[in-house]
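If you read the sequence shown in the working numbering, its first letter stands for residue 69, the second for the next number, and so on. Notes to accompany the following structure.
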Amino acid sequence: LFHIKSLSYFEEQFPCLCVNRNCIGQTFAMNEMKAVIALTLQRYKLIEDPKWTPKLLPRLVLRSINGIHIKIKPVDQFTA
Numbered sequence: 069l070f071h072i073k074s075l076s077y078f079e080e081q082f083p084c085l086c087v088n089r090n091c092i093g094q095t096f097a098m099n100e101m102k103a104v105i106a107l108t109l110q111r112y113k114l115i116e117d118p119k120w121t122p123k124l125l126p127r128l129v130l131r132s133i134n135g136i137h138i139k140i141k142p143v144d145q146f147t148a
């Protein structure tokens with residue numbers, strides 16, 4: 069029997085997060101994402117733009133308010 073008054077505020081606002089289950093393809097998607105990032109970092113060099121100064125926002129995780137500008141340069145295959 070389902071009683072709405074028995075739910076906490078969190079359960080009312082986020083009903084899908086209260087159940088311990090995952091999407092069927094979540095593990096596959098996470099592994100594919102890791103593979104794409106690894107191949108990208110293997111084949112390209114990420115260089116920060118010297119003309120751009122990010123404005124940092126100190127929080128638990130340091131982040132930039134105005135973004136981070138990077139240049140992507142192919143890695144020379146023979147000098148690694």
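Positions of the beta carbon are idealized from the N, C-alpha and C atoms, including for glycine.
Handout entry: Contact test: residue 131 Cβ vs the ligand SAH heavy atom, cutoff 7 Å
Key = Only the bare structure without any ligand can be found here, which leaves the ligand SAH out of the picture.
Problem - residue 140, DSSP secondary structure in three states - result: Locating residue 140 in the sequence shown gives position 72, where the first residue counts as 1. When DSSP states are grouped into helix, strand and coil, residue 140 belongs to the strand group.
Problem - Coarse secondary structure for residue 131, derived from DSSP in three states - result: Here the question's residue 131 lines up with position 63 in the sequence shown. Correct three-state label for residue 131: strand.
Practice task
Could you name the residues that DSSP lists as bridge partners for residue 114?
Solution key: Position 46 of the sequence shown, counted from the first residue, corresponds to residue 114. For residue 114, which the question treats as bridged, DSSP gives the partners 140.
Handout entry: Inter-stretch contact (C-beta, 8 Å, three-pair minimum) for the region 109 to 126 and the region 92 to 99
Key = By the Cβ rule, the region 109 to 126 does not count as touching the region 92 to 99, because fewer than three pairs are nearer than 8 Å.
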